[in-house]
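Residue numbers (mature numbering (1 follows the signal peptide of the UniProt record, and there is no 0)): -25 to -1, 1 to 113. Working notes, beginning with the structure itself.
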């Protein structure tokens, strides 16, 4: 038979384990077509240096129409390893961006790399050969 102290410890451990589960989870990249690379030229509307993922909000002009793109990047911590900083992009800046588009055709995608008007290249560090992100390699 379990005494009160052992029972309380077991309940505490179960509660901690339940709370730790969501912290270890991560969303899937399955919503992106990682076998397709799409190029978009446009103007940065906003660069969000946020956790868990940074975002680029981009406006693409096509003739008389404008299309708004929301591009998901890696975390600021991982981007910093590739030379990114909070001020790497500014609103109004023209860029050419490569990404894996959303599977559903919505204007968004998973960032791969970009080239600024001055020729500076910023990279994601993610594979660009159709190899899926976050899939264990055995």
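Where a beta carbon is used, it is the ideal one built from N, C-alpha and C, also for glycine. Computed from a predicted model, the values in this text were never measured in an experiment.
In the three-state reduction of the DSSP assignment, residue 62 falls in the coil class, being assigned neither a helical nor a strand state. For residue 6, no pairing in a beta bridge is given by DSSP. Partner residues in a beta bridge of residue 20, as assigned by DSSP, do not exist. Residue burial annotation: residue 106 is exposed, with fewer than 16 other C-beta atoms found within 10 angstroms of its C-beta. Annotation for residue 75: the continuous beta strand (DSSP E) segment containing it runs 69 to 76. Going by C-alpha positions, residue 94 is about 32 Å away from residue 79.
Taking all protein chains in view, the Cβ of residue 47 is crowded by 16 or more other Cβ atoms within 10 Å, so the residue is classified as buried.
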